[in-house]
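A quick write-up on the structure given underneath.
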Amino acid sequence: MGDALVELLPLFVDVKDMRVLVVGGGKVGTKRASKFSELGAQVTVYSLEFSPELESMKVNKVRGDARELDEEFLSHFDVVVTATNDQEINRKVCSMAKSMRKLCNDPTSPPDSNFIVPIYFDDGTLAVAVTTYGRSSLSSKYLLDLVKDVVDGSDVRARVDAMYEVKKMLKSKVSDPSKRFKLYSSIFSDSIFQERVAKGDVSGALKRAEEVVERGS
Ligand SMILES: C[C@@]1(CC(=O)O)c2cc3[nH]c(cc4nc(cc5[nH]c(cc(n2)[C@H]1CCC(=O)O)[C@@](C)(CC(=O)O)[C@@H]5CCC(=O)O)C(CC(=O)O)=C4CCC(=O)O)c(CCC(=O)O)c3CC(=O)O
Ligand SMILES: NC(=O)C1=CN([C@@H]2O[C@H](COP(=O)(O)OP(=O)(O)OC[C@H]3O[C@@H](n4cnc5c(N)ncnc54)[C@H](O)[C@@H]3O)[C@@H](O)[C@H]2O)C=CC1
Numbered sequence: 077m078g079d080a081l082v083e084l085l086p087l088f089v090d091v092k093d094m095r096v097l098v099v100g101g102g103k104v105g106t107k108r109a110s111k112f113s114e115l116g117a118q119v120t121v122y123s124l125e126f127s128p129e130l131e132s133m134k135v136n137k138v139r140g141d142a143r144e145l146d147e148e149f150l151s152h153f154d155v156v157v158t159a160t161n162d163q164e165i166n167r168k169v170c171s172m173a174k175s176m177r178k179l180c181n182d183p184t185s186p187p188d189s190n191f192i193v194p195i196y197f198d199d200g201t202l203a204v205a206v207t208t209y210g211r212s213s214l215s216s217k218y219l220l221d222l223v224k225d226v227v228d229g230s231d232v233r234a235r236v237d238a239m240y241e242v243k244k245m246l247k248s249k250v251s252d253p254s255k256r257f258k259l260y261s262s263i264f265s266d267s268i269f270q271e272r273v274a275k276g277d278v279s280g281a282l283k284r285a286e287e288v289v290e291r292g293s
């Protein structure tokens, strides 16, 4: 586990309207089903038994034995999660899904997955996701908490907000993209701009950015 030579590309994916099959309706299956469902996916849970939360959740439920799943059934889905407590079954279903070029997450065996679900925060301005490739979820959570503290104790959100205003201003004022790209860097590293951002003075920072643009053109 975690030692497999698999390199993964981090992506932030819009799962809205995707068809997601969760095999196994226990604790882990419930977590995955509710996350995908919250984000607008069409979730089907296929399991021998369903947790009480799933019973009351608005997802499709199909009662059945995962040993009987076939390609015809899987062909109706874009994404598969194998979360039974039987590793052998999970591996078989995930392998079938991957051979059909589906995305498959096996939360019981990261090396058998072609995507994993990281721990993350997303406040709408910025998002950070962490994984240890299944080595230790608790350590991933520890790192994410450290990152959250750094974000909260720094001016990074104000920087993002100010630079977003700068981007809108530059796109409307400077038509040459190569000039714009130089200006992003000069503005970002300008000490007066930075001082105003640090004080939370986004409009003052934007004024300074405009001065940098006028000076440079
Ligand atoms: C690879 C991955 C699955 C994937 O591919 O998606 C995976 C794999 C495994 N985790 C296991 C155990 C635990 N998982 C948690 C918790 C979380 N696990 C999550 C993600 C992932 N877990 C994926 C990437 C993880 C990464 O790289 O960091 C989180 C972040 C998100 C989520 O699951 O929704 C959620 C945090 C929620 C929160 O705190 O907010 C806890 C702690 C707890 O329950 O409080 C424990 C017990 C202690 C520990 O392990 O640290 C075991 C069984 C080990 C065994 O059997 O002994 C396996 C399988 C294996 O290792 O074989
Ligand atoms: N990724 C993660 O965060 C974590 C992963 N795990 C691993 O995930 C696995 C599942 O854990 P839990 O959800 O806690 O187990 P659980 O016992 O709560 O749920 C298992 C579910 O699988 C279903 N199932 C079993 N055999 C089946 C079959 N043949 N066909 C259809 N459905 C079947 C059961 O009806 C049940 O709903 C375990 O192997 C565990 O090691 C555990 C904790 C965290």
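Here our numbering is used: the first residue of the sequence shown is 77, the next is one more, and so on. Where is the CB? At the ideal position from N, CA and C, for every residue including glycine. Here the structure is a predicted model, which means the values were calculated and not measured.
Quick check: the Cα distance between residue 123 and residue 177, rounded to an integer number of angstroms? Walking along the sequence shown from the start, residue 123 turns up at place 47. Walking along the sequence shown from the start, residue 177 turns up at place 101. Looking at the backbone, the Cα of residue 123 and that of residue 177 are separated by about 23 Å.
On the three-pair Cβ rule with 8 Å, is the segment 101–117 touching the segment 144–162? Because the criterion of three Cβ pairs below 8 Å is met, the segment 101–117 and the segment 144–162 touch.
Environment of residue 77 [buried if 16+ CB atoms lie within 10 Å]: Numbered from its first residue, the sequence shown carries residue 77 at position 1. Because the pLDDT at residue 77 is just 48, under 50, the model does not fix this residue reliably, and the value given afterwards should be weighed accordingly. Its Cβ having fewer than 16 others within 10 Å, residue 77 is exposed.
With hydrogens ignored, establish whether the beta-carbon of residue 107 is closer than 6 Å to any heavy atom of ligand 1. Position 31 of the sequence shown, counting from 1, holds the residue named residue 107. Residue 107 Cβ: within cutoff of ligand 1.
Residue 318 versus residue 165 - alpha carbon distance: What is shown of the chain runs 77 to 293, which leaves residue 318 out entirely.
Assuming residue 145 and residue 121 make a contact with CB atoms under 8 Å, what is their CB distance in whole Å? Position 69 of the sequence shown, counted from the start, is the residue given in the question as residue 145. Position 45 of the sequence shown, counted from the start, is the residue given in the question as residue 121. Contact doesn't hold; Cβ gap of about 13 Å is too wide.
Comparing alpha-carbon positions, which option in 237, 210, 109 lies nearest residue 84? For the purposes of this step, residue 84 is taken as residue 8 along the sequence shown, with counting starting at 1. Measuring from the Cα of residue 84, the nearest candidate turns out to be 210.
What is the rounded straight-line gap between the Cα of residue 190 and the Cα of residue 267? If you number the sequence shown from 1, residue 190 lands on position 114. If you number the sequence shown from 1, residue 267 lands on position 191. The alpha-carbon atoms of residue 190 and residue 267 are separated by roughly 44 Å.
Contact between the segment 210–227 and the segment 255–271: three or more CB pairs below 8 Å? no
Whole runs of the alpha helix (DSSP H) within the segment 208–262, excluding any shorter than 4 residues: 213–228, 232–249
Starting from the C-beta of residue 188, find all residues in its chain whose C-beta is less than 6 Å away, skip the five residues before and the five after it, and write them out in chain order. As a first step, residue 188 is located in the sequence shown; it is residue number 112 there, counting from the start. Excluding residues within five positions, the ones whose Cβ falls inside 6 Å are 167, 170, 182.
For residue 235, I'd like the list of residues in its chain whose CB is within less than 6 Å of its CB, leaving aside the five on either flank, ordered along the chain. Here residue 235 refers to the residue found at position 159 of the sequence shown. Closer than 6 Å at Cβ, skipping near neighbours: 273.
Please determine whether the Cβ atom of residue 121 lies at a distance below 6 Å from any heavy atom of ligand 3. Looking at this structure, you won't find ligand 3 anywhere; what it does contain is ligand 1 and ligand 2.
Would you list the one or two residues that DSSP bridges to residue 198? Mapped onto the sequence shown, residue 198 falls at position 122. Note: residue 198 sits in a beta bridge opposite 203.
Could you check whether the Cβ of residue 125 sits closer than 6 Å to any heavy atom belonging to ligand 2? The sequence position of residue 125 within the sequence shown is 49, counting from 1. The answer is yes for residue 125.
Would you call residue 203 buried or exposed, if buried means 16 or more other Cβ atoms sit within 10 Å of its Cβ? Start at 1 with the first residue of the sequence shown, and residue 203 comes out as number 127. So residue 203 ends up on the exposed side.
Pick helix, strand or coil for residue 103, following the three-state DSSP scheme. In the sequence shown, the residue the question calls residue 103 occupies position 27. Three-state DSSP puts residue 103 in a helix.
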